[in-house]
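First residue of the sequence shown? That's 59 in my numbering, and the numbers climb one at a time after it.
For each residue, glycine too, the CB sits at the ideal point set by N, CA and C.
Quick caveat, the model's predicted, so the values are computed rather than measured.
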Amino acid sequence: MFEFEGGDLMDRSGAQRCRVAIVEDHMLQRVRTEELLLSDGSFEIVFSGESAPEFVGWVRETAIEDRPHLLVLDLMVDRRPSVDVELVERLLTAGLRILVFSALASPVLVRRIVRAGVTGVVGKRDSEADILAAARATARGEGWMSTELAAIIAGDSGRPELSIQEERSLVLYASGLTLDQVGAAMNISRETAKQYLDRVKKKYSSAGVEVRTKLDFGRIAWTDGYLDPSAPTASGD
């Protein structure tokens with residue numbers, strides 16, 4: 059189903075324009091990413107959408123010569139499942155180069171995506187100059203990773219190891235959503251969402267960190283880098 063043009067996508071002078079697809083569910087972030095890449099003069103935007111399934115549907119209907127060389131991909135989508143690692147592996151095998159451009163709320167997911175073969179990883183708090191440099195490097199097949207992101211991928215051996223679903227439930231709940239809203243965002247029942255959070259609580263308790271209240275969930279999410287403490291939160295009980 060998937061096939062993308064290989065070879066040299068863009069020379070070091072940027073003389074050849076690189077076709078780019080963007081998957082980002084936040085409209086303002088997506089629009090600014092488009093503007094940033096277009097301002098460089100080396101990139102042509104051929105797709106811009108909210109989710110990986112939307113991108114895949116577009117690829118199926120698009121001729122190979124019009125498909126992107128490079129995919130700029132956000133991993134975490136609000137109120138929808140996170141990006142599937144197996145899908146990323148299939149896209150990479152088919153010849154697509156992928157730059158992860160994400161807030162990196164899930165270190166476990168980032169590490170799995172990197173192990174799948176993604177060579178470019180850049181954070182949303184990085185400078186626009188770094189974002190452009192990362193896009194150029196990934197288009198050429200070169201690795202790109204900031205020091206901060208390398209630390210995230212290396213992981214913290216002292217932190218309890220959570221599954222992707224446990225991390226997702228922690229992030230949503232600590233952001234201020236209710237259990238019902240967490241379940242709806244993850245497409246699971248309220249009871250299943252509670253089970254994930256209970257597992258998070260148990261793992262942290264085993265590590266000597268007491269978790270009893272919603273504020274405690276927020277504290278561990280901020281302390282361990284799952285959430286930015288300066289980011290706004292939703293209202294919920």
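| Item | Value |
| --- | --- |
| Coarse secondary structure for residue 152, derived from DSSP in three states | coil |
| Exposed unless 16 or more other CB atoms sit within 10 angstroms - verdict on residue 185 | exposed |
| Rounded separation between residue 201 and residue 189 - CA only | 13 angstroms |
| Alpha-carbon to alpha-carbon, residue 273 and residue 117 | 43 angstroms |
| Residue 258 in three-state terms, based on DSSP | helix |
| Under the three-state DSSP convention, the category residue 106 falls into | strand |
| Buried/exposed call for residue 241, threshold 16 Cβ in 10 Å | buried |
| 8 angstroms contact criterion, which residue 107 and residue 81 should meet: CB distance rounded | 6 angstroms |
| Alpha carbon of residue 125 to alpha carbon of residue 155, nearest angstrom | 12 angstroms |
| Spatial distance of residue 183 from residue 246 (CA atoms) | 31 angstroms |
| Chain D contact for residue 261 (CB, 8 angstroms cutoff) | No chain D appears in the structure shown, which is made up of a single protein chain. |
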